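Enquirer: Take a look at the following structure, please.
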Amino acid sequence: MSELRLPSYLDQSPAVRERFEALKRRETVLEVKGLSKVFQSNGKTVAALKDIDFKVHRREFVTVIGPSGCGKSTLIRILAGLESASDGQVLLDGQPVHGPGPDRGMVFQSYTLFPWLTVKKNVMFGLLAQGQSGFTAEREARQWIELVGLDKFIDAYPNQLSGGMKQRVAIARALANKPRILLMDEPFGALDAQTRCKMQSYLLEIWRNIDITALFITHDLDEAVLLADRILVLKAHPGEVQELIEVPVPRPRHANQLMTPEFLATRQRLDDLIHPPDAEGEEDTNLKMVRLTRVGDDVEVQA
Amino acid sequence: MRASAPWFAPRVAVPRNRARWLTLASFLLPLLVWSAVSYLPFVWHPVIDIDEPGDVSYFRAGMLVERDQFLIESDKVAAAGGALPTGTRANPVYLPAPHQVATAFYTSFTEAPTRSSELWLHQSLWNSIQVIFWGFTLSSLIGVPLGILCGTFGTFSRLQEPFVEFFRYLPAPAFGALAVAILGIHDAPKIAIIFIGTFFQQVLVIANTTRKLDVPLLEAAMTLGARRLHLLFKVVVPGILPDLYRDQRILLGWAWTYLIVAELIGTSSGITWFITQQARYRNFDNVFAAIMMIGIIGLITDMALARLGKRLFPWDSSKDREYA
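Protein chains in written order, with the numbering used here: chain Y, 1 to 303; chain L, 304 to 627.
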């Protein structure tokens with residue numbers, strides 16, 4: 001490890017501190033109170049989530065990160081109403097939620113565009129499901145498709161689109177319903193690094209221009225820091241809130257902030273929380289290697 | 304020179320031109336075997352077609368005699384110093400040569416049947432097609448919706464499928480006598496047999512196809528605000544449609560296999576009546592022509608349906624059989 005001196009991730013510049021003060025004064029869109037989830041498997045009770053509490057303010061961008069098995073997907077599925085909580089409450093604008101609904105848009109990791117519908121019809125789906133006329137639905141769908149920059153593909157079927165394009169349509173489709181909050185479950189997880197990077201800036205751009213609150217699940221540390229106002233860090237077995245980090249990186253965000261001291265400090269903190277040294281259950285990576293090369297044929301040290 | 308595509312690469316598409324030749328060959332090869340057996344005397348030809356009976360008392364010109372029999376009789380006549388019988392090697396009467404079947408095929412459409420009570424081949428076929436059509440349509444009208452419901456809702460699945468599973472093991476022809484007792488002797492019991500043979504498989508096959516629909520698609524629809532009926536008609540049904548269509552094509556083939564049994568019950572009718580009748584008169588060339596006709600109709604229907612499927616479901620990317 002190089003001896004790089006990083007500031008503390010808790011140090012916030014005055015501008016950033018002011019921004020967080022303003023954010024906290026905004027109304028709460030999503031409130032999670034004492035949320036728990038236990039699964040029954042083979043007669044054993046497994047606690048997936050335990051006493052989760054947090055609030056998301058209007059137009060805030062919260063990312064959720066944690067080691068695998070921390071129940072972050074379960075959390076977002078409960079928020080979306082696709083699974084029920086064992087205990088606790090989810091409040092949207094102060095009202096408890098039951099079951100899935102168009103007020104919480106969701107973008108999944110797997111591609112969930114309807115393959116039998118064109119891009120336009122996919123985006124119209126939610127609008128029509130809520131009883132809008134075909135005419136208004138189509139007009140609105142066009143606007144959202146333009147917003148994600150896919151007007152040229154408006155009549156294409158999903159199987160003609162790349163992975164990144166599919167997820168852009170999925171975002172447009174969720175946003176078309178004008179949800180109170182946009183839930184995203186590792187939406188860029190299946191994309192290659194380059195596309196993922198582009199999608200992140202797309203998403204920030206959309207978020208900046210639209211009155212939308214976002215909750216985003218990821219396992220990518222850089223992604224978590226780059227997108228978030230606050231990062232909800234979960235720990236595994238059971239899934240509990242470990243820390244709620246206020247990201248000290250100023251907005252507007254850009255990929256060239258990835259090397260700034262605040263960014264690296266936050267990232268380092270995440271790394272420490274998620275991959276503690278000698279963590280239990282971590283895979284043993286100290287392989288017992290047998291040397292199979294000629295003696296002296298060393299690629300790391302020049303003789 | 305361009306390297307030619309490999310012949311035995313696993314799961315690699317055959318080049319278009321070669322595919323066409325192979326398709327042709329798949330029909331030519333059996334035809335070649337049949338021709339060899341029919342026209343090359345040394346391949347099989349186990350009987351002798353008598354030309355001159357000679358002094359064998361019971362031989363007649365045109366009679367087919369086993370080769371051993373012919374040799375024994377010839378020896379006997381030779382020992383007695385009589386006239387030797389002559390004949391040529393031939394195949395048994397139940398294996399007509401390709402050209403005989405081709406002629407029968409042609410004349411069945413051009414020449415009136417020899418007996419006034421008989422139907423033309425195409426009339427018999429038309430009758431069979433109608434029986435299939437009604438049996439399959441009635442089965443689909445109930446079986447497809449029921450299958451979709453079973454595949455979508457656990458309640459329907461539990462309520463229906465165990466019984467259907469039990470019933471599908473009961474052989475459809477076993478209900479022949481019952482069907483006749485209830486529905487009379489004409490087409491109704493035949494349609495019922497085709498229905499019984501198709502319906503129970505249909506419910507299970509389509510329920511399984513429905514269950515293969517990606518759950519995340521349903522979940523996505525729910526987060527977009529879709530509720531029960533909307534979910535069923537706007538997600539489940541269109542989501543499984545290409546597979547459902549493929550299932551129906553396979554099930555239609557299934558319905559044809561029940562045809563022969565179905566047509567034997569009550570008053571026998573349709574293509575089966577034609578086949579049994581012609582077999583009784585030992586017109587095996589006509590029998591073969593009729594059997595081939597069924598195959599041709601089946602193949603053409605399936606190819607047409609496959610083409611239509613490509614038109615209907617442009618988004619469907621799953622591989623179809625290659626000749627389609």
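We put the CB at the ideal spot given by N, CA and C, even for glycine. Fair warning: this is a prediction, and the values are worked out from it, not measured in the lab.
For V56/Y, which beta-bridge partners are listed by DSSP?
Expert: For V56/Y, which the question treats as bridged, DSSP gives the partners L30/Y.
Enquirer: From Q433/L to R314/L, what does the alpha carbon distance come to, in whole angstroms?
Expert: Cα to Cα, the separation comes out at about 39 Å.
Enquirer: Classify F345/L as helix, strand or coil using the three-state DSSP reduction.
Expert: Coil, per DSSP.
Enquirer: Can you look up S411/L in the DSSP assignment and give me helix, strand or coil?
Expert: Three-state DSSP puts S411/L in a helix.
Enquirer: Output, in sequence order along the chain, the residues in the stretch 535-546 of chain L whose CB is closer than 9 Å to any CB in chain Y.
Expert: Answer in chain order: K537, V538, P541, G542, L544, P545.
Enquirer: Determine the contact status of A475/L and I494/L, defining contact as a CB-CB distance below 7 Å.
Expert: It is not a contact, given that the beta carbons lie outside the stated cut-off.
Enquirer: Considering only their Cβ atoms, is the gap separating G88/Y from P100/Y smaller than 7 Å?
Expert: Contact: no.
Enquirer: Do I485/L and A565/L come within 7 Å of each other at the CB atom, strictly closer than that value?
Expert: Result no, Cβ atoms of A565/L and I485/L do not sit closer than 7 Å.
Enquirer: Beta-carbon of L615/L versus every beta-carbon of chain Y: anything under 7 Å?
Expert: Not one chain Y Cβ lies under 7 Å of L615/L.
Enquirer: Taking 7 Å as the threshold (beta carbon to beta carbon), is F153/Y in contact with chain L?
Expert: Taking Cβ atoms only, chain L never reaches closer than 7 Å to F153/Y, which makes this a no.
Enquirer: Three Cβ pairs or more, each shorter than 8 Å: is that satisfied between the stretch 49-58 of chain Y and the stretch 68-83 of chain Y?
Expert: Contact between the stretch 49-58 of chain Y and the stretch 68-83 of chain Y is present, because at least three Cβ pairs lie under 8 Å.
Enquirer: Using a threshold of 7 Å, state whether the C-beta atoms of V447/L and I568/L are closer than that.
Expert: No, they are not a contact pair.
Enquirer: Is S133/Y helix, strand or coil when you go by DSSP?
Expert: Three-state result, S133/Y: coil.
Enquirer: Please report the distance separating the alpha-carbon of L473/L from that of S419/L.
Expert: Using only the alpha carbons, I get a separation of about 40 Å.
Enquirer: Answer yes or no: does any C-beta atom of chain Y fall closer than 7 Å to that of A632/L?
Expert: In the structure as shown, chain L starts at 304 and stops at 627, and residue 632/L therefore has no counterpart that could be examined.
Enquirer: Give the residues from the stretch 443-455 of chain L that approach chain Y closer than 7 Å (Cβ to any Cβ), ordered along the chain.
Expert: Those residues of the stretch 443-455 of chain L that come within reach of chain Y (Cβ to Cβ, closer than 7 Å) do not exist; the list is empty.
Enquirer: Does any C-beta atom of chain Y lie closer than 7 Å to the C-beta of L303/L?
Expert: Since the first and last residues shown for chain L are 304 and 627, residue 303/L lies out of range.
Enquirer: Is there at least one Cβ from chain L nearer than 7 Å to S8/Y's Cβ?
Expert: No, S8/Y does not count as interfacial toward chain L.
Enquirer: What span of residues does the alpha helix (DSSP H) with E566/L cover, start to end?
Expert: Run containing E566/L: 540-567, per the alpha helix (DSSP H) assignment.
Enquirer: Give me the Cα-Cα distance between R624/L and A316/L, rounded to the nearest whole angstrom.
Expert: Below a pLDDT of 50, predicted positions are generally treated as unreliable, and R624/L, at 47, falls in that range; the measurement from the model is reported next regardless. So the alpha carbons of these two residues sit roughly 11 Å apart.
Enquirer: Ends of the beta strand (DSSP E) at R392/L?
Expert: Its beta strand (DSSP E) spans residues 389-393.
Enquirer: First and last residue of the alpha helix (DSSP H) that includes D517/L?
Expert: Careful: D517/L lies outside any alpha helix (DSSP H) and carries neither H nor E.
Enquirer: Could you name the residues of the same chain whose beta carbon sits closer than 6 Å to that of F408/L, not counting the 5 residues immediately before and after it, in chain order?
Expert: Closer than 6 Å at the Cβ level, and outside the excluded window around F408/L, lie A592.
Enquirer: Using only alpha-carbon positions, find the residue among V518/L, Q372/L, K515/L, S307/L that is nearest to P349/L.
Expert: The residue with the shortest Cα to Cα distance from P349/L is Q372/L.
Enquirer: For a test of the three-state rule: what should DSSP assign to A214/Y, helix, strand or coil?
Expert: DSSP places A214/Y in strand when its eight states are reduced to three.
Enquirer: Just checking my contact of N430/L with G573/L at CB under 8 Å: how many whole Å lie between their CB atoms?
Expert: With a Cβ gap of about 4 Å, N430/L and G573/L count as contacting.
Enquirer: What would DSSP say about P187/Y, mapped onto helix, strand or coil?
Expert: In the structure shown, P187/Y sits in coil (DSSP, three-state: anything other than H, G, I, E or B).
Enquirer: Does chain Y have any CB closer than 7 Å to the CB of T513/L?
Expert: False, the Cβ-Cβ gap to chain Y never drops below 7 Å.
Enquirer: Would you mind sorting P252/Y into buried or exposed? The rule is 16 or more other CB atoms within 10 Å of its CB.
Expert: Burial call: exposed.
Enquirer: Let me see if you follow: with CB-CB separation under 7 Å, is Q130/Y close to chain L or not?
Expert: Yes - at least one Cβ of chain L is within 7 Å of the one on Q130/Y.
Enquirer: Please say whether R77/Y and T213/Y have beta carbons closer to each other than 7 Å?
Expert: Going by C-beta atoms, T213/Y is not nearer than 7 Å to R77/Y.
Enquirer: Taking 8 Å as the cut-off, does the stretch 328-346 of chain L touch the stretch 367-385 of chain L (at least 3 CB pairs, one atom from each stretch)?
Expert: Counting Cβ pairs under 8 Å, fewer than three are found: no touch.
Enquirer: So, does the CB of M106/Y fall closer than 7 Å to a CB anywhere in chain L?
Expert: True, the Cβ-Cβ gap to chain L drops below 7 Å.
Enquirer: If you run the structure through DSSP and keep just helix, strand and coil, what is P448/L?
Expert: Looking at P448/L - three-state DSSP - the assignment turns out to be helix.
Enquirer: Are there three or more Cβ pairs, one per stretch, closer than 8 Å when the stretch 230-240 of chain Y is compared with the stretch 154-169 of chain Y?
Expert: No, the stretch 230-240 of chain Y is not in contact with the stretch 154-169 of chain Y.
Enquirer: Measuring straight from C-alpha to C-alpha, what distance separates L615/L and G528/L?
Expert: Going from the Cα of L615/L to the Cα of G528/L covers about 28 Å.
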